[in-house]
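Trainee: The numbering of the sequence shown is the numbering used here, which starts it at 43 and goes up by one.
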Amino acid sequence: MRRASARRPLPARRRARRVLLGSILAIAAGCTPSAPSPAPAPAPAPGPDREAVRRDSIARVRAAFVADSLVRVYAYRDTAKIRVCAGGDVTLGTNLDTSWTKLVARRLKKPVAALPSPDSLVAPLRTLFAGADIALLNVEGAIGEGDPPIAKCAKSASGCYALRMPPSAAHAVRRVSDRVVVANLANNHARDAGPDGLRETVRRLTDAGVLVTGVDTLPTLVETARGDTLAILGFATSGAPNDLRDLESVRRHVARAVAGNRRVIVTMHLGAEGAKAQRTLDSTERYLDVTRGNPVAFADAAAGAGADLVIGHGPHVLRAVEWRGRSLVLYSLGNLVTYGPFSHREPMRRGAVACATVDGRGAVSAARLYPTVQRAPGTVRTDRSRRALTLVDSLSKLDFPKSGARVLKDGRLVRR
Ligand SMILES: [Zn+2]
Numbered sequence: 043m044r045r046a047s048a049r050r051p052l053p054a055r056r057r058a059r060r061v062l063l064g065s066i067l068a069i070a071a072g073c074t075p076s077a078p079s080p081a082p083a084p085a086p087a088p089g090p091d092r093e094a095v096r097r098d099s100i101a102r103v104r105a106a107f108v109a110d111s112l113v114r115v116y117a118y119r120d121t122a123k124i125r126v127c128a129g130g131d132v133t134l135g136t137n138l139d140t141s142w143t144k145l146v147a148r149r150l151k152k153p154v155a156a157l158p159s160p161d162s163l164v165a166p167l168r169t170l171f172a173g174a175d176i177a178l179l180n181v182e183g184a185i186g187e188g189d190p191p192i193a194k195c196a197k198s199a200s201g202c203y204a205l206r207m208p209p210s211a212a213h214a215v216r217r218v219s220d221r222v223v224v225a226n227l228a229n230n231h232a233r234d235a236g237p238d239g240l241r242e243t244v245r246r247l248t249d250a251g252v253l254v255t256g257v258d259t260l261p262t263l264v265e266t267a268r269g270d271t272l273a274i275l276g277f278a279t280s281g282a283p284n285d286l287r288d289l290e291s292v293r294r295h296v297a298r299a300v301a302g303n304r305r306v307i308v309t310m311h312l313g314a315e316g317a318k319a320q321r322t323l324d325s326t327e328r329y330l331d332v333t334r335g336n337p338v339a340f341a342d343a344a345a346g347a348g349a350d351l352v353i354g355h356g357p358h359v360l361r362a363v364e365w366r367g368r369s370l371v372l373y374s375l376g377n378l379v380t381y382g383p384f385s386h387r388e389p390m391r392r393g394a395v396a397c398a399t400v401d402g403r404g405a406v407s408a409a410r411l412y413p414t415v416q417r418a419p420g421t422v423r424t425d426r427s428r429r430a431l432t433l434v435d436s437l438s439k440l441d442f443p444k445s446g447a448r449v450l451k452d453g454r455l456v457r458r
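1) Where does the unbroken beta strand (DSSP E) through valine 400 begin, and where does it stop?
2) I'd like to check one pair, glutamate 182 with arginine 355: are the Cβ atoms closer than 9 Å?
3) The beta strand (DSSP E) with leucine 179 in it runs from where to where?
4) Comparing C-alpha positions only, which one of Ala250, Leu247, Arg246 and Phe277 sits nearest to proline 261?
5) Check whether the Cβ of histidine 358 lies closer than 8 Å to any heavy atom of ligand 1, and answer yes or no.
6) Classify serine 219 as helix, strand or coil using the three-state DSSP reduction.
7) Taking all protein chains shown into account, do 16 or more other C-beta atoms lie within 10 angstroms of the C-beta of alanine 101, making it buried, or fewer, making it exposed?
8) Leaving out five residues on either side along the sequence, give the residues of the same chain with a beta carbon under 7 Å from the beta carbon of tyrosine 118.
9) For a test of your reading of the model: does the CB of aspartate 285 fall under 8 Å from any non-hydrogen atom of ligand 1? Yes or no.
10) Shortest alpha-carbon distance to arginine 287 belongs to which of Arg298, Ile307 and Ala344?
11) Which value, in whole angstroms, describes the spacing of the CA atoms of arginine 428 and arginine 334?
12) Any heavy atom of ligand 1 closer than 8 Å to the Cβ of histidine 295?
13) CB alanine 214 to CB aspartate 249, shorter than 9 Å?
14) Mapping DSSP to helix, strand and coil, what is lysine 451?
15) Taking the continuous beta strand (DSSP E) assigned at threonine 424, which residues delimit it?
16) Check this for me: beta carbons of isoleucine 19 and leucine 247, under 9 Å apart or not?
17) Taking lysine 194 as the reference, give the member of Asp350, Ala147, Leu205 and Gly188 with the closest Cα.
18) Assign alanine 228 to one of two classes, buried (16 or more other C-beta atoms within 10 Å of its C-beta) or exposed (fewer than that).
19) Ligand 1 heavy atoms versus the CB of asparagine 229: any closer than 8 Å?
20) Between cysteine 73 and alanine 122, what straight-line distance do the alpha-carbon atoms span, to the nearest angstrom?
21) Would a C-beta distance cut-off of 9 Å place alanine 128 and alanine 184 closer than the cut-off?
22) Helix, strand or coil: how does DSSP classify leucine 437 here?
23) Given a cut-off of 9 Å, decide if leucine 351 and leucine 330 are closer than it, judged by their beta-carbon atoms.
24) Is glutamate 388 close to ligand 1? I mean its beta-carbon at under 8 Å from any heavy atom of the ligand.
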């Protein structure tokens, strides 16, 4: 569905125009819009009555102009530009399994804290999100405490990661920005402490003042301090209801969000993981014997249904950026801050915060990447080498020779 046809003109504006048109016709016909007709030809009205009708018509036209102007003022307000900044995976430690610290301490030849203060882990991000009206993060894991009723990983299991951050992580996520902060939970770790753990995660984030998206198919409506609104939907490969492998339902849910909102952002958590998963192909990806979606087909469905920004994560590496029609698609923002049992080798240690401005017509402008780098076991800082920019630029050119974004030296994303 094209965006233009999905957006209906404001009904109030239409009403005002109708009043205005009716009043103009009334002047032309010399009667009020509600005058009964046809009636037997009346005798010409005496002068004073005709004058009264004329004055009344002028008053109606003036009123219609005022109403139309007011509608224009509100319409203008709703076309204000909203600056959105998004990051990739955020895990601020895990209290479900701290055995990884021994291994990492041996490798780094120094003691490693299992659970440092989450606030200290996100502190370096604040300058990157400083210009954002809305900060959007993928919270990769549950948040909570206590023994979950069922352990996700067996004690002897290798390659199984159970991620649950301590309760203070919810407040740390909130403090990433002074403005609106949105946490996406459409990913493969938000349920690591079970369904009750997911509920606890939503409650803790909400109590901390963070908006949550990605736990269902309803758009999360974000209102900025200026009163403008934007809708965010999250999809992953964790099963119903917001399974991104079901493209028909993706189109339906995104189109519904677009019909009711002028700006729509969609997140996708998908794809294979690791150094071999940097390329974006138009094919279904598999990882650990699970189908992890087709990124290009998903982006096509979401952007085709009218999403302005499609923001990806899941592969734990950076991927290409593409202008798909009028929409901007960031296939993977990589790891932002992943403290715990993650690889922080190249290229997994590189990430990016992506910022873009979305106006009331859904037009995307001033898109830019801010490069980040992590040091094991998961401390993030701005990357002075700007390696992420080079990576994303070359991946975009390789995977999308025509529509891939060019990344300029200062991080600006432009059309090729
Ligand atoms: Zn993931």
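Backbone N, C-alpha and C define an ideal beta-carbon position, used for all residues, glycine too.
Only a predicted model underlies this, so the values are computations on that prediction, with no experimental measurement involved.
Mentor: Judging by the given coordinates:
1) Here residue 400 corresponds to residue number 358 of the sequence shown, with the count starting at 1. Start and end: 392-400.
2) On the sequence shown, position 313 is the one that residue 355 refers to. On the sequence shown, position 140 is the one that residue 182 refers to. Looking at the sequence itself, residue 355 is histidine, so the reference to arginine does not match. Yes, the pair counts as a contact, with Cβ atoms nearer than the cut-off.
3) On the sequence shown, position 137 is the one that residue 179 refers to. Counting along the chain, the beta strand (DSSP E) containing leucine 179 begins and ends at 176-181.
4) Sequence index remark: in the sequence shown, residue 261 carries index 219 (1-based). Among Ala250, Leu247, Arg246 and Phe277, the Cα nearest to that of proline 261 is on Phe277.
5) Along the sequence shown, read from residue 1 onward, the residue named residue 358 stands at position 316. True, at least one ligand heavy atom lies under 8 Å from that Cβ.
6) Working through the sequence shown from its first residue, we reach residue 219 at position 177. DSSP places serine 219 in coil when its eight states are reduced to three.
7) Taking the sequence shown and counting its residues from 1, the one referred to as residue 101 is at position 59. Exposed.
8) As a first step, residue 118 is located in the sequence shown; it is residue number 76 there, counting from the start. In this prediction, tyrosine 118 has a pLDDT of 45, which is less than 50 and means its spatial position is unreliable; nothing more can be read from the coordinates.
9) On the sequence shown, residue 285 is found 243 positions in, with the first residue counted as 1. It does not: the Cβ of aspartate 285 is nowhere closer than 8 Å to a heavy atom of ligand 1.
10) One-based indexing of the sequence shown puts residue 287 at position 245. Ranking the options by Cα distance to arginine 287, first place goes to Ala344.
11) Looking up residue 428 in the sequence shown gives position 386. Looking up residue 334 in the sequence shown gives position 292. When rounded, the distance between both Cα atoms is 29 Å.
12) As a position in the sequence shown, residue 295 is number 253, starting the count at 1. Not so, every heavy atom of ligand 1 lies at least 8 Å from the Cβ.
13) Looking up residue 214 in the sequence shown gives position 172. Looking up residue 249 in the sequence shown gives position 207. Taking 9 Å as the Cβ cut-off, alanine 214 and aspartate 249 do not qualify as a contacting pair.
14) Within the sequence shown, residue 451 is the residue found at index 409, counting from 1. Looking at lysine 451 - three-state DSSP - the assignment turns out to be coil, as it is neither helix nor strand.
15) Walking along the sequence shown from the start, residue 424 turns up at place 382. 421-424 is the span of the beta strand (DSSP E), which, as asked, contains threonine 424.
16) No answer is possible for residue 19: it lies beyond the span of the chain, which begins at 43 and ends at 458.
17) Here residue 194 is taken as the residue at index 152 of the sequence shown, counted from 1. Cα-wise, what sits closest to lysine 194 is Leu205.
18) The count along the sequence shown starts at 1 and reaches residue 228 at position 186. Alanine 228 should be labelled buried.
19) Within the sequence shown, numbered from 1, the residue matching residue 229 stands at position 187. Yes; taking the cut-off as 8 Å, the Cβ of asparagine 229 has a heavy atom of ligand 1 nearer than that.
20) Within the sequence shown, numbered from 1, the residue matching residue 73 stands at position 31. Within the sequence shown, numbered from 1, the residue matching residue 122 stands at position 80. Only weak support exists for where cysteine 73 lies, its pLDDT of 31 falling under 50; the value from the coordinates is given anyway. In a straight line, the C-alpha of cysteine 73 is about 40 Å away from that of alanine 122.
21) In the sequence shown, counting from the first residue as 1, residue 128 sits at position 86. In the sequence shown, counting from the first residue as 1, residue 184 sits at position 142. It is not a contact, given that the beta carbons lie outside the stated cut-off.
22) For the purposes of this step, residue 437 is taken as the residue at position 395 of the sequence shown. If DSSP states are grouped into helix, strand and coil, leucine 437 belongs with the helices.
23) In the sequence shown, counting from the first residue as 1, residue 330 sits at position 288. In the sequence shown, counting from the first residue as 1, residue 351 sits at position 309. Result no, Cβ atoms of leucine 330 and leucine 351 do not sit closer than 9 Å.
24) Walking along the sequence shown from the start, residue 388 turns up at place 346. Incorrect: glutamate 388 has no Cβ contact closer than 8 Å to ligand 1.
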